[in-house]
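Chemist: Shown below is the structure under consideration.
6 protein chains.
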Amino acid sequence: MSEQFNSFKPIDSNATPRYAGIATFMRLPYLPVAQAGAVDIGLIGIPWDGGTTNRAGARHGPRQMRDLSSLMRKFHPSLGINPYDLANCADLGDTPVNPIKIEDTLERVEGFYRQVLEQKIIPLSAGGDHLVSLPILRALAEKHGPMGMVHFDAHTDTFDRYFGGCKYTHGTPFRRAIEEGVLDPKRVVQIGIRGGLYSEDDDAWGLGQGIRVIRIEEYFELGVEGVIREIHRVVGDQRTYVSFDVDCLDPVYAPGTGTPEVGGISTHEAQRMLRSLRGLNLVGGDVVEVAPPFDPSGNTALVGVTLMWEILCMLAEQVAKRRG
Amino acid sequence: MSEQFNSFKPIDSNATPRYAGIATFMRLPYLPVAQAGAVDIGLIGIPWDGGTTNRAGARHGPRQMRDLSSLMRKFHPSLGINPYDLANCADLGDTPVNPIKIEDTLERVEGFYRQVLEQKIIPLSAGGDHLVSLPILRALAEKHGPMGMVHFDAHTDTFDRYFGGCKYTHGTPFRRAIEEGVLDPKRVVQIGIRGGLYSEDDDAWGLGQGIRVIRIEEYFELGVEGVIREIHRVVGDQRTYVSFDVDCLDPVYAPGTGTPEVGGISTHEAQRMLRSLRGLNLVGGDVVEVAPPFDPSGNTALVGVTLMWEILCMLAEQVAKRRG
Amino acid sequence: MSEQFNSFKPIDSNATPRYAGIATFMRLPYLPVAQAGAVDIGLIGIPWDGGTTNRAGARHGPRQMRDLSSLMRKFHPSLGINPYDLANCADLGDTPVNPIKIEDTLERVEGFYRQVLEQKIIPLSAGGDHLVSLPILRALAEKHGPMGMVHFDAHTDTFDRYFGGCKYTHGTPFRRAIEEGVLDPKRVVQIGIRGGLYSEDDDAWGLGQGIRVIRIEEYFELGVEGVIREIHRVVGDQRTYVSFDVDCLDPVYAPGTGTPEVGGISTHEAQRMLRSLRGLNLVGGDVVEVAPPFDPSGNTALVGVTLMWEILCMLAEQVAKRRG
Amino acid sequence: MSEQFNSFKPIDSNATPRYAGIATFMRLPYLPVAQAGAVDIGLIGIPWDGGTTNRAGARHGPRQMRDLSSLMRKFHPSLGINPYDLANCADLGDTPVNPIKIEDTLERVEGFYRQVLEQKIIPLSAGGDHLVSLPILRALAEKHGPMGMVHFDAHTDTFDRYFGGCKYTHGTPFRRAIEEGVLDPKRVVQIGIRGGLYSEDDDAWGLGQGIRVIRIEEYFELGVEGVIREIHRVVGDQRTYVSFDVDCLDPVYAPGTGTPEVGGISTHEAQRMLRSLRGLNLVGGDVVEVAPPFDPSGNTALVGVTLMWEILCMLAEQVAKRRG
Amino acid sequence: MSEQFNSFKPIDSNATPRYAGIATFMRLPYLPVAQAGAVDIGLIGIPWDGGTTNRAGARHGPRQMRDLSSLMRKFHPSLGINPYDLANCADLGDTPVNPIKIEDTLERVEGFYRQVLEQKIIPLSAGGDHLVSLPILRALAEKHGPMGMVHFDAHTDTFDRYFGGCKYTHGTPFRRAIEEGVLDPKRVVQIGIRGGLYSEDDDAWGLGQGIRVIRIEEYFELGVEGVIREIHRVVGDQRTYVSFDVDCLDPVYAPGTGTPEVGGISTHEAQRMLRSLRGLNLVGGDVVEVAPPFDPSGNTALVGVTLMWEILCMLAEQVAKRRG
Amino acid sequence: MSEQFNSFKPIDSNATPRYAGIATFMRLPYLPVAQAGAVDIGLIGIPWDGGTTNRAGARHGPRQMRDLSSLMRKFHPSLGINPYDLANCADLGDTPVNPIKIEDTLERVEGFYRQVLEQKIIPLSAGGDHLVSLPILRALAEKHGPMGMVHFDAHTDTFDRYFGGCKYTHGTPFRRAIEEGVLDPKRVVQIGIRGGLYSEDDDAWGLGQGIRVIRIEEYFELGVEGVIREIHRVVGDQRTYVSFDVDCLDPVYAPGTGTPEVGGISTHEAQRMLRSLRGLNLVGGDVVEVAPPFDPSGNTALVGVTLMWEILCMLAEQVAKRRG
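Those sequence lines, one after another, are chains W, E, S, L, X and Y. Heads up: the first sequence at position 100 corresponds to 100 in my numbering, and the numbers run straight through without jumps. Heads up: the second sequence at position 27 corresponds to 1027 in my numbering, and the numbers run straight through without jumps. Heads up: the third sequence at position 163 corresponds to 2163 in my numbering, and the numbers run straight through without jumps. Heads up: the fourth sequence at position 26 corresponds to 3026 in my numbering, and the numbers run straight through without jumps. Heads up: the fifth sequence at position 94 corresponds to 4094 in my numbering, and the numbers run straight through without jumps. Heads up: the sixth sequence at position 322 corresponds to 5322 in my numbering, and the numbers run straight through without jumps.
See below:
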């Protein structure tokens, strides 16, 4: 164990069994952000679900995802890379949150990401409900300007208000982000959208903004290769964020989530799509809505961290490319 | 909540959170059948599994399905309709049952459906084990004559007897229905049949009657589009019932069922097939064999009510069409 | 089922099996409060946990408690009464709530209880986290003035603030209630208090106000009979509220709760203490902090509704006594 | 493993790990009853719950109890005996049952026990729901005449009829047994009775017959020693049967049961009472109502087989005593 | 039940319900190997996981698989055969094991299989972790010489050492088997390999030996038919063993396993591939790594025994062919 | 979070919610032992269960216990102390282990504790199975000579060998410790012993050595106060170790353990006994046999860490006393 906090690489699972040791993301060292100057990619938890309108629980996501991330290894055989050879990685811990105040949390989270970005660290985050993407994007936009986004989800999350006026819920982050100029809607692609709607007009606003929505029916028609081409066409080579809500997956893959929708995509397909992001100009990513109370087995969290691992490899290649 | 029992529409999940309130099917008002004269489509539970030969538990199906149905919404974006704009819908509660007497239950259930049909209500039912389809079909046949059936299942349910002479079990309902002239076997199509048999001759009787059995191997060969064409060819434009046993699905989608069979169909495929029933002459439908004790998570029930929602949309279009 | 909503009594479990039918509290009819003029005791759910500082989930409490309450029967053999012969009872549904706004919820809940009290209904409520007791008490105090309280809990819930200034959490309701003059601290008795504290001074404020705190060590020293005497001594014959947080029980009895504390009381002891409230001047009661996601088995909810049943019997005797 | 079926003793857990091997009761050899002439005590499963009025599942009891019985050992240190040195023991398998016909099952089970008794084997049975005790008692009464009974339960199980006329349910076995002269009600003691009743008169019939009912309140007043004295006083030295419904225990000890009642006895107390049966004239015993679907962990089954182990030791002493 | 141990066929589930009786593989008679001279195919459990480097639990696999195997029936409609008409089958119980000593266990297991092979019985085994395949292969090779293998797995299991020198773990069996000349690496095909690696060179040794590794990416490119052709090409018509590690399947099908890897194959595909082994020269098979503590529902075990049933049919045809 | 690793105190749960942050014991900073010179009490995990003869899983104990320990607070109101004011505390991480080699693990663990003791840190450990106490005691004895022990357990753990010669299992540690002179058997008291035995002579060796065994029957006769007096009498004021196997508790409190025995002690009683150790000359302690796979809910782990918290307070007082 003594090596655990002394490098920017995971501890060796062939020496220290995977179930052993303090659980950090990918078995990486934990470093407070103030001491993380040498870090290229920071893995961050946002233990908060105050924006959840139905089944809360995603606040427990980062902890269970850290636990299950012990199952990840170091070399990605499909991509042919070891991301830890390409970039210094560390677990930066959890952001501060306030479990009973939304606005306070949005500020605290955004403040944390500003610190991260000041250190020139690329953030890879684990939610938390989907509202946590909003303060991340706000901090990123301050540095990068309006971004594109590859957004995997069963829901567009571009609703306006809930419960008579609440503007900040896990169903509204991307409406707010577009209104604030943080996202460029013309460079946003949403994949896997499905499920019933509150009304016929639910998706009208987003479509009107120019978001490219690939509903599940079109997803199956295009096939994974077609979707990949569409992703690249929409976001182009400008700065782009990746956000993966695990409810994009069929509930059999991710039962531990707040708003499951029957009839989704598979993890294998998700892996293929995430690997295809190679070469995009990525500024960060997140995996959100893992809600452990609805899957104590940890299977959903395992899926979540496997997707984080895929994104991590993409980001590490980015780091290597920038370094030349 | 006060609106809950005052209309023929679900209460608004954007005002009343989904986990709130007394659980009725689709958050619809509850109306006793005697007061349901204005109802077009009645959602009905049959909490009974007395015909189950192995793992009982489907008696608890309607209650868990009501609970999970809160996750459904109002507008079906793939079909482009809001069924509640097309038809008056209500939860008619559960039929009377006798948990320890089969014959008594068959009579009580049939009696309930006669009342429903007298009110000109189209029934959409939640089982219960598959034997509950028999009294529904008996009541329907009295009104409509011999019907066709689109039957999704891992098993043909056309066995003759169990345990030395028992004619009424969840493995026998459609043999009885055909013998009684309630179903027209030439207009019955069974989809997803698989799993071992007690003997080589198990399926001979049904095939001899002219049932169109699409075993899982043929299902994968034909593909969903091919199966849809075959469904339409077999049942034609005459009166047709839809019965969905959740064990037709692969057990990963529906582990909470009495007789799971590995290697089944997916929910996405089921959704496509159910949506394809558009335009058929449907007289009712059911979703059966959700057994909550074998899936306390509610995931199976969520799948079950999502399939009910698909059938509900088909029935609502039927109502609208009849009204002109 | 047709009888379900036509009387002020539970439907007959010897005719309709307990697992059947739409789940209401105690299998009572559901009546919107506006139509509940003839009701003496109203059973009410408050599906909300926005004040929870750690493990949320009590928002799902009322629904699971309704489900499990089907196991309750009509006659209480230890007390020798059938409460439904003594008082008209009904399920008044859930209060309105806002899952993402505390202040809004406090107002909505208080408003609902004002309506209840205008109808002269005694409220018996199911939480929800413990903050829900505050708006109930506010509405009651408007009618009754400062009340006494028999409070079962592992925690005093008289903390001041959390997370840098939040005054309304499930750890603060009774501090607020005392500050507002809603509770008379000299007539408040807290039973079962235990577990570590944030600091040595945590309980000083409450003790300074004159609350009678029976910590778990004293509880075991006094014995149940001694505690009962102390309850009666403290609250006397003035108006008194009963609030039961299930974390007062040892976690083996109530694992499904947000803040379990090892080493608590048993359900049998709780039953004896609740039955001893006979003769007190009770104005209402609640059972709170049942959090189903942490006990999908429903065992905690069963305990919760059994305690509601005990309180219901006490309230029904009260009604009978007032009627003379 | 090869020893498993070659003796009348459990296989050695110090050689074959407890989780290994085919699961039989107590790791004893399996012998069909026809080959069991040399057996003194036969352990028998009755996998049936057709008399269950609410939550079925006890049909799966014998199998899970066999599995968990691997945790039992050979020497009882509190009693100072090894029952397998005192009596030849074997697992006689399960009785025949018909999961969908009550009367047929009652006949099949009774027939099996006649065979057992013809072989002069003392039966120790694992249910199944409590109705299975009726055919056992019928077979025993044919040999022994009217018997006394030590009956642990939360319910008296002396109801008359359910659901409009059904005489055979798990709530009625002992009413039938007394009516048929199989039990001598004056020598029946019921321990742990509690929970609400359908009506005030529910227990009148049994009390009128002379059954000694020790309700839970009296149980706690008398204390375990007082209850033990009362047991001996009631049943005396005549032939006596022991029937243990696990719902007598508090639900924390036995959540996996059909009709849990909060506020019951502990396993330690049950052990003390069962051990006190030493010296009674016991003709057999059963442990019933273990319902695995409501406790997949197996903890309830572990409790059930531990109680079987206690009864087994009592019966083995009986055998030794008779042998002189 | 009396028939249970008197034939070489499963007991009849239409007479004895599936949940009844002592749980043996496929409801077959149990026979100690010394008495199994007439048996053609022996089903054997190896309750051991001492080679597991992360999450143990597969020691409990055989028992849960026996339990779930009650769901299997007799006639395989896709293949058109009843294997029990083609070959005498029996459950030979579990091999001896030592839960705390690896080398001792390897010897005990190998000794057991020598006895099996002396009786000319074809073994079909249920693990246990994957190291159990090594002693089986050693015993088989003594009789048959170096064998080919169709190996379904997420991992190659050809690692060299773990934890500083341990040569025998569930990650190393096939390296040892090849080194010892028990397997012919040129006739080994591995299907479904995926997941991260400890280092880039992890798979180099196996590839250098000539193993045909079909990683998951190639698997999806070839399609099931292409993979089947490749299997036949590699193993040819020489003696071949089949080993199925359930982690080859996507974790949604087999969550109850020690080292799940997201993004695997489906059970339907596995069934198709296993059925395609028809005509190969099979000398035995196993299904391993079912770890019940990580799936108490039994769903993984159900998948495991369904795959055993598929292999059983292949082996039975082999027996019939040899008999002519 | 930034404070998490900068002090010897837990982070503040009133600022950082309990579910947030990287899980360390009691939310203390993690320090590698080499940097822990200023630490007084070190909390250490031993993630290993290689000595388990039946149900493995305790290897996962430390991680789940760290997770649940977030529920602990800082001030102990019954004792009136804040241990973190009395002693510098830290999480020293997990010891090295080898999951597949017993002897190697024993050496690695002992080596780790030597380092701990060289730093003059008092160890408080979380198992792991009970064999982990042996290397801890070996290291301690080297410093302190033969020690006394207060040992809470359902089993004496003084067996000699298992499975034909294995001397090191979780059933043998204290036999080895006494043989090696590490424990002084005359100063060992074992509390809560119960359950069946393999043979009549199982406990003879320990009794012959002079161990004071308080079996469960005597435990209930003496009462907690009597047991406390006996503990003090036996161990006196010499150096003493505390070892708590959670199977000492009744399985309702600790279902997640390898060898549950029905009829044990309660957590409240355990708390009283542990608090009574005040004033003893304690050199360390452990809580072992928490096996998360058998209790995914975490309730057993919560009990385990609550007991660690009690021992921690005793050790902190010890530190304060020594400092004067």
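No residue lacks a Cβ here, since even glycine has one placed at the ideal position from N, Cα and C. All of these numbers come straight from a predicted model, not from anything done at the bench.
#1: Between the alpha carbons of asparagine 1088 of chain E and threonine 2024 of chain S, how many angstroms are there, rounded?
#2: Grab the span of the alpha helix (DSSP H) containing histidine 232 of chain W for me, first residue to last.
#3: Closer than 6 Å by C-beta to valine 4213 of chain X: which residues in its own chain qualify, once you throw out the five before and the five after it? Chain order, please.
#4: Whose C-beta lies closer than 6 Å to the C-beta of arginine 5272 of chain Y among residues of the same chain, with five residues either side of it excluded?
#5: I need the DSSP call for proline 5123 of chain Y, collapsed to helix, strand or coil.
#6: So which residues of chain X does valine 252 of chain W contact, with C-beta pairs closer than 8 Å?
#7: Taking the alpha-carbon of cysteine 5248 of chain Y as reference, which of Y:Tyr5241, Y:Gln5238, Y:Arg5239, Y:Val5262 has the nearest alpha-carbon?
#8: Note the first and the last residue of the continuous alpha helix (DSSP H) segment covering phenylalanine 2174 of chain S.
#9: Taking Cβ positions only, does glycine 2301 of chain S come closer than 7 Å to chain W?
#10: Residues of the segment 3103–3135 of chain L with a CB closer than 8 Å to any CB of chain E: list them in chain order, please.
#11: Check whether the Cβ of serine 4002 of chain X lies closer than 7 Å to any Cβ atom in chain Y.
#12: Three or more C-beta pairs under 8 Å: does that hold for the segment 64–71 of chain W against the segment 301–315 of chain W?
#13: State yes or no: is the C-beta of leucine 1092 of chain E within less than 7 Å of the C-beta of valine 1033 of chain E?
#14: Report buried or exposed for alanine 3141 of chain L, applying the criterion of at least 16 other Cβ atoms within 10 angstroms of its Cβ.
#15: Please compile the residues from chain L whose C-beta is within a distance smaller than 9 Å of the C-beta of tyrosine 4965 of chain Y.
#16: Report the option in Y:Ala5254, Y:Gly5258, Y:Pro5029 whose CA atom is closest to the CA atom of isoleucine 5265 of chain Y.
#17: Output needed for isoleucine 3311 of chain L: all residues of its chain with C-beta closer than 7 Å, excluding positions within five of it in sequence on either side, in chain order.
#18: Cα separation between glycine 4324 of chain X and aspartate 4237 of chain X?
#19: Report the neighbours of asparagine 3098 of chain L on chain E: residues whose CB is nearer than 8 Å to its CB, in chain order.
#20: Consult DSSP for arginine 2323 of chain S and reduce its assignment to one of helix, strand or coil.
#21: Report the rounded CA-to-CA distance for histidine 4155 of chain X versus aspartate 49 of chain W, giving the unit in angstroms.
#22: Can you tell me whether serine 2 of chain W is helix, strand or coil according to DSSP?
#23: Work out the CA separation of leucine 3117 of chain L and tyrosine 3084 of chain L for me, nearest whole Å.
#24: Would you be able to state if there are at least three C-beta pairs under 8 Å between the segment 70–85 of chain W and the segment 142–150 of chain W?
#25: Suppose you measure from the CA of tyrosine 3219 of chain L to the CA of alanine 5038 of chain Y; what does that come to, to the nearest Å?
#26: Rounded to whole angstroms, what's the CA-CA distance from aspartate 2040 of chain S to glutamine 2318 of chain S? Just pull it up for me.
#27: In this structure, how does DSSP classify methionine 1149 of chain E when only helix, strand and coil are distinguished?
#28: Can you find the residues in the same chain that come closer than 7 Å, C-beta to C-beta, to isoleucine 228 of chain W, ignoring five residues on each side of it along the sequence?
#29: Closer than 7 Å, Cβ to Cβ, to anything on chain X: give me those residues from the segment 3039–3065 of chain L, in chain order.
Modeler: According to the structure shown:
#1: When rounded, the distance between both Cα atoms is 24 Å.
#2: Unbroken alpha helix (DSSP H) run through histidine 232 of chain W: 216–235.
#3: For valine 4213 of chain X, same chain residues with a beta-carbon under 6 Å away, outside a window of 5 residues either side, are Gln4190, Ile4193 in chain order.
#4: The beta carbon of arginine 5272 of chain Y sits closer than 6 Å to those of Val5224, all from its chain and outside the five residues before and after it, given in chain order.
#5: Of the three classes helix, strand and coil, the one that applies to proline 5123 of chain Y here is strand, per DSSP.
#6: Going along chain X in sequence order, the residues near valine 252 of chain W (Cβ under 8 Å) are Val4252.
#7: Checking every option, the nearest Cα to that of cysteine 5248 of chain Y belongs to Y:Val5262.
#8: For phenylalanine 2174 of chain S, the enclosing alpha helix (DSSP H) covers residues 2173–2179.
#9: The identity of residue 2301 of chain S in the sequence shown is alanine, whereas the question assumes glycine. Chain W, which has no Cβ nearer than 7 Å to the Cβ of alanine 2301 of chain S, makes this no.
#10: The residues in question are Asp3104.
#11: Only weak support is given to the placement of serine 4002 of chain X: the predicted model assigns it a pLDDT of 39, under 50, and the value that follows is read from those uncertain coordinates. It does not: the Cβ of serine 4002 of chain X has no partner Cβ on chain Y nearer than 7 Å.
#12: The segment 64–71 of chain W is in contact with the segment 301–315 of chain W.
#13: A contact, by the Cβ cut-off of 7 Å.
#14: Taking all protein chains shown into account, alanine 3141 of chain L has 16 or more neighbouring C-beta atoms within 10 Å of its C-beta and is therefore buried.
#15: No answer is possible for residue 4965 of chain Y: it lies beyond the span of chain Y, which begins at 5001 and ends at 5324.
#16: For the residues Y:Ala5254, Y:Gly5258, Y:Pro5029, the minimum Cα distance to isoleucine 5265 of chain Y belongs to Y:Ala5254.
#17: Residues Leu3124, Val3242, Leu3274, Gly3285 of the same chain have their beta carbon placed closer than 7 Å to that of isoleucine 3311 of chain L, with the five preceding and five following residues left out of the count.
#18: Those two C-alpha atoms are separated by around 18 Å.
#19: Ordered by position in chain E, the residues that pass the 8 Å Cβ test against asparagine 3098 of chain L are Phe1163, Gly1164, Cys1166.
#20: Reduced to three states, the DSSP call for arginine 2323 of chain S is helix.
#21: So the two alpha carbons sit approximately 37 Å from each other.
#22: Residue confidence is low: serine 2 of chain W scores 40 on pLDDT, short of 50, so the model does not pin down where it sits. Its coordinate-derived value is still stated next. Helix at serine 2 of chain W.
#23: Their Cα atoms are separated by approximately 20 Å.
#24: Not touching, per the Cβ criterion.
#25: Roughly 56 Å separates the two Cα atoms.
#26: Aspartate 2040 of chain S and glutamine 2318 of chain S have their C-alpha atoms roughly 10 Å apart.
#27: In this structure, methionine 1149 of chain E counts as strand in the three-state DSSP scheme.
#28: Hits under 7 Å: Met273, Ser276.
#29: Answer set for the segment 3039–3065 of chain L: Pro3047, Arg3059, His3060, Arg3063.
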